[in-house]
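Okay, structure first, notes after.
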Amino acid sequence: MSSSITFHSQLASSSRIPSFEFVSRASTINRSALRYQPRTATFGTLKFSSHAIRTGVPARRIGCFAALSPELKTTLDKVVTSHKVIVFMKGTKDFPQCGFSNTVVSILKAVNVPFETVNILENEMLRQGLKEYSQWPTFPQLYIDGEFFGGCDITVDAYKSGELQEILEKASLS
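First residue of the sequence shown: 1, per the UniProt record's numbering; consecutive thereafter.
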């Protein structure tokens with residue numbers, strides 16, 4: 001005898017964050033909700049909470065992110081335009097957490113340009129929203145003078161050709 005699970009979704013009226021309910025044979029098995037908790041004035045974080053309603057039923061987790069909300073787009077617009085050079089990356093400039101991020105940081109340090117970093121590993125909503133914002137699926141993402149420049153490969157190629165240094169000089173003059 002097979003058991004089917006139906007998936008229901010609704011917006012929580014107070015938080016506007018999707019909540020999910022799993023139903024099996026018309027009885028609720030598990031409820032999972034995403035809750036948004038502000039961390040700073042710029043970004044927030046999503047947390048999972050799971051509540052098993054029937055005993056003996058393992059809790060299930062689900063992730064669903066409204067990639068680029070209007071609020072996140074406005075925030076990203078402000079962040080990328082308020083810094084001449086900013087990198088959205090895995091880790092920080094002092095502790096990159098992937099080789100590609102480390103490569104971009106090393107290049108920017110080599111050309112001796114001041115830059116800021118944002119650790120996308122701290123915020124899944126930011127990480128997913130940035131992919132849509134830049135139309136670029138991977139990280140790191142380099143922004144120069146308010147414009148998306150590219151990822152690691154583009155940055156490496158532009159550095160080797162001297163193009164990156166020229167663009168950074170123009171950005172520092174503007």
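Just so you know, even glycine gets a beta-carbon here, dropped at the ideal spot from N, CA and C. Since the model is a prediction, treat every value here as computed from it, not as a measurement.
If I follow the unbroken alpha helix (DSSP H) through residue i, where does it start and stop?
| i | result |
| --- | --- |
| F100 | 99 to 110 |
| Q165 | 163 to 173 |
| T138 | First-last for T138: undefined, no H or E at that position. |
| E122 | Counting along the chain, E122 falls outside any alpha helix (DSSP H), and DSSP gives it neither H nor E. |
| P96 | Counting along the chain, P96 falls outside any alpha helix (DSSP H), and DSSP gives it neither H nor E. |
| V79 | 70 to 81 |
Ordered along the chain, which non-local residues of its own chain (more than five positions away) have a Cβ less than 7 Å from that of residue i?
| i | result |
| --- | --- |
| F88 | V118, I120, L130, F139, P140, Q141 |
| S174 | D145 |
By Cβ distance below 6 Å, which residues in the same chain neighbour residue i in space, the five residues on each side in sequence not counted?
| i | result |
| --- | --- |
| K93 | V105, T117 |
| Q97 | K90, G91 |
| R16 | Here the model assigns R16 a pLDDT of 43, short of 50, so the residue's position is not dependable and the matter cannot be decided. |
| Y133 | L68, L76 |
| Y159 | I107 |
For residue i, which option in the options has the closest C-alpha, if you only look at C-alpha atoms?
| i | options | result |
| --- | --- | --- |
| F148 | S69, T81, G91 | T81 |
| L108 | Q128, F95, V85, L126 | V85 |
| N112 | T74, Q165, Y143 | Q165 |
| K73 | Q135, P114, D145, L173 | Q135 |
| D145 | S161, E163, H83, Y159 | H83 |
| P70 | E163, L126, Y143, S174 | L126 |
What three-state label does DSSP hand residue i in the structure shown?
| i | result |
| --- | --- |
| G151 | coil |
| V87 | strand |
Which residues bound the beta strand (DSSP E) around residue i?
| i | result |
| --- | --- |
| E116 | 116 to 119 |
Could you pull out every residue in the same chain whose Cβ sits closer than 8 Å to the Cβ of residue i, ignoring the five residues on either side in sequence?
| i | result |
| --- | --- |
| P137 | K131 |
Requested in this report: Would you be able to state if there are at least three C-beta pairs under 8 Å between the stretch 94 to 103 and the stretch 163 to 172?
Outcome: no
Query - Three-pair Cβ contact test at 8 Å for the stretch 151 to 168 versus the stretch 122 to 132 - result: no
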